[in-house]
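Converting from the sequence shown to this note's numbering requires adding 261 to each position, the first position being numbered 1.
Heads up, the beta-carbon is just placed ideally off N, CA and C, and yes, glycines get one too.
To start, the structure itself, in structure tokens.
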Amino acid sequence: MPESKTTVDYSEYSSESIDDMIEDSVNLKYPLNREGYGASITFTLMETKTFADIKGESTSFSAMSSAFKGARSASNEAREAGKKARTQTKTAKELLSKVTPTSGTAYKTEIARTEAAAQRNNERSESKKKEAVALSRQGSELLVKSITETGKNAERTTAPRDGVPKIQLYLPISFQQNDSFSIAGTELGILGAGILAGTSNTGSLMSGIGQGISSGFGSIVDLAANNMSGLQAATVMSRLARKLPEEVGSAFNIAAGVTVNPNLRSTFKGVNLREYTFQFKFLPKSNSEAMQVEEIIRRFRMFSYPEVISLGGVAAGYRFPDLFKIDVRVQMGEGGDTRVGNRIKDCYLRSVSTNYNPTSMTFHTDGKPVEIDLSLNFVEETTLSRKDIKDGY
262 MPESKTTVDY SEYSSESIDD MIEDSVNLKY PLNREGYGAS ITFTLMETKT
312 FADIKGESTS FSAMSSAFKG ARSASNEARE AGKKARTQTK TAKELLSKVT
362 PTSGTAYKTE IARTEAAAQR NNERSESKKK EAVALSRQGS ELLVKSITET
412 GKNAERTTAP RDGVPKIQLY LPISFQQNDS FSIAGTELGI LGAGILAGTS
462 NTGSLMSGIG QGISSGFGSI VDLAANNMSG LQAATVMSRL ARKLPEEVGS
512 AFNIAAGVTV NPNLRSTFKG VNLREYTFQF KFLPKSNSEA MQVEEIIRRF
562 RMFSYPEVIS LGGVAAGYRF PDLFKIDVRV QMGEGGDTRV GNRIKDCYLR
612 SVSTNYNPTS MTFHTDGKPV EIDLSLNFVE ETTLSRKDIK DGY
């Protein structure tokens with residue numbers, strides 16, 4: 262982007278008037294004058310809908326909540342009854358220990374009354390425990406039913422968010438796409454390498470495993486029968502020495518001058534998520550352009566954050582932030598436009614970095630910076646497969 266230090270006074274525009282102007286437009290754009298910028302990148306906010314967005318609650322959900330509340334209440338009652346029973350039992354034992362031949366009927370009656378009360382509370386505690394278990398089981402069953410009932414007709418879907426304009430920016434220099442994979446080294450050792458070789462020779466996995474194991478045990482037999490050369494025997498002994506403390510095995514390797522070949526092989530672990538980083542430089546030349554830039558940055562920041570889910574005034578969870586659909590296009594004259602690079606899966610915005618006046622300390626008359634650098638880092642929601650590549654991703 263060509264640099265400009267034009268001083269623009271747009272202090273008369275309030276934040277409310279900026280919002281009104283943005284809402285009246287179809288898209289947020291930069292630069293507003295597209296002449297000379299044939300390639301552009303468009304960001305569309307994608308709202309995700311799940312079963313959690315269904316208004317109201319199912320009958321199963323209400324019954325589940327009631328069951329769990331009942332279980333909690335019954336559990337508390339069982340705990341209190343058990344506590345009373347223990348106290349009464351202790352009191353009865355203390356009274357009984359003080360009984361004498363001269364103890365009157367009233368004293369013995371008090372002991373019997375206390376023991377009976379303890380027995381009743383014990384029975385109540387056991388009854389409430391069983392009730393709590395039954396209600397918890399009922400609540401768990403209803404939880405599964407509620408999820409099924411709520412989600413069976415509400416699959417997860419994504420669609421452009423209503424009332425939110427797209428963001429269309431110039432395509433920066435060097436649009437890079439990287440495919441990467443998780444491949445780790447795995448040590449097969451002598452036995453694993455033997456199994457792999459046996460599988461290659463026999464064409465059968467089970468035969469290969471058998472051949473590899475036989476080869477491993479055969480080496481030990483050959484060692485005992487002195488059917489090996491010195492280096493071969495030392496290698497087998499080095500393998501056996503690995504079962505000993507590390508310092509002992511290392512000492513043997515140094516003395517023999519050999520070590521076991523780990524037979525390292527590459528193992529495919531999975532596909533990495535693709536990431537994209539875009540860096541934009543904004544040099545607003547007009548009131549409208551300055552307001553567009555301000556709103557563009559605000560929108561990126563706002564929709565990269567999640568919504569808070571509150572329970573009883575406490576921030577109990579987060580709703581996932583919106584996804585961004587990214588489309589990179591270049592104008593082909595009267596022939597329309599065509600996509601640049603491969604298609605991009607819907608992405609989360611991982612980070613937003615804003616740098617105000619990176620090259621000079623110059624401001625507009627209202628105090629706004631004349632130069633803004635914006636860096637965005639996106640990560641795709643899902644990994645790709647071979648089918649996705651066939652589909653243009």
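C-beta contact flag for residue i and residue j at 7 Å
i      : j      : result
Arg559 : Pro567 : no
Leu584 : Met307 : yes
Val532 : Phe543 : no
Ser336 : Ala395 : no
Pro433 : Phe539 : yes
Asn603 : Gln438 : yes
Rounded C-alpha distance that separates residue i from residue j
i      : j      : result
Val589 : Asn524 : 45 Å
Val575 : Lys330 : 20 Å
Phe564 : Leu289 : 15 Å
Ile372 : Leu357 : 7 Å
Ile650 : Lys530 : 19 Å
Glu536 : Lys389 : 55 Å
Glu632 : Gln592 : 27 Å
Ala328 : Gln399 : 7 Å
Thr496 : Ser527 : 24 Å
Glu284 : Val425 : Because the pLDDT of Glu284 is 46, which lies under 50, any placement of that residue in the model is unreliable, and the number read from its coordinates should be weighed accordingly. Approximately 8 Å, taken between the alpha carbons.
Thr643 : Leu534 : 7 Å
Thr350 : Lys391 : 22 Å
Ser612 : Glu402 : 41 Å
Val569 : Thr309 : 16 Å
Arg295 : Leu572 : 48 Å
Tyr431 : Lys546 : 15 Å
Glu387 : Thr311 : 42 Å
Gln380 : Pro582 : 57 Å
Phe541 : Lys648 : 33 Å
Pro292 : Gly578 : 38 Å
Gly597 : Pro421 : 23 Å
Asn383 : Val360 : 24 Å
Thr348 : Thr366 : 23 Å
Ser511 : Ala494 : 16 Å
Val482 : Val509 : Here Val482 scores only 45 on pLDDT, less than 50, and its place in the model is too uncertain to base an answer on.
For residue i, the nearest candidate out of the options (CA to CA)
i      : options                        : result
Ile587 : Glu341, Asn383, Phe436, Thr418 : Phe436
Val405 : Ile434, Glu338, Ser326         : Ser326
Leu492 : Phe624, Asn514, Lys310, Thr447 : Asn514
Lys606 : Glu595, Phe639, His625         : Phe639
Ser636 : Ile557, Ser336, Arg422         : Ile557
Thr599 : Ser571, Ile633, Gly653         : Gly653
Ala324 : Ser397, Val425, Met622         : Ser397
Gly628 : Phe539, Ala551, Gln540, Ala353 : Ala551
Tyr368 : Pro545, Thr352, Gln380, Asn382 : Thr352
Cys608 : Phe624, Phe561, Glu448, Tyr291 : Phe561
Ser429 : Asn382, Val360, Ser407, Tyr298 : Ser is not the amino acid found at residue 429; the sequence shown has Gln there. Closest by alpha carbon: Tyr298.
Thr447 : Lys504, Asn383, Asn522         : Asn522
Lys345 : Glu355, Gly365, Arg385         : Arg385
Ordered list of beta strand (DSSP E) runs contained in the segment 576 to 604, each at least 3 residues: 584 to 592, 598 to 600
Contact the segment 511 to 525 vs the segment 437 to 445: 3+ CB pairs below 8 Å: no
Cβ contact (3+ pairs, closer than 8 Å) linking the segment 290 to 304 and the segment 373 to 393: no
Residue ranges of each beta strand (DSSP E) within the segment 516 to 547, 3 or longer: Unbroken beta strand (DSSP E) runs of no fewer than 3 residues, entirely contained in the segment 516 to 547, are found at 525 to 532, 536 to 543, following chain order.
Three-pair Cβ contact test at 8 Å for the segment 616 to 628 versus the segment 331 to 349: no
Ranges of the beta strand (DSSP E) found wholly within the segment 347 to 425, counting only runs of at least 3: 418 to 421
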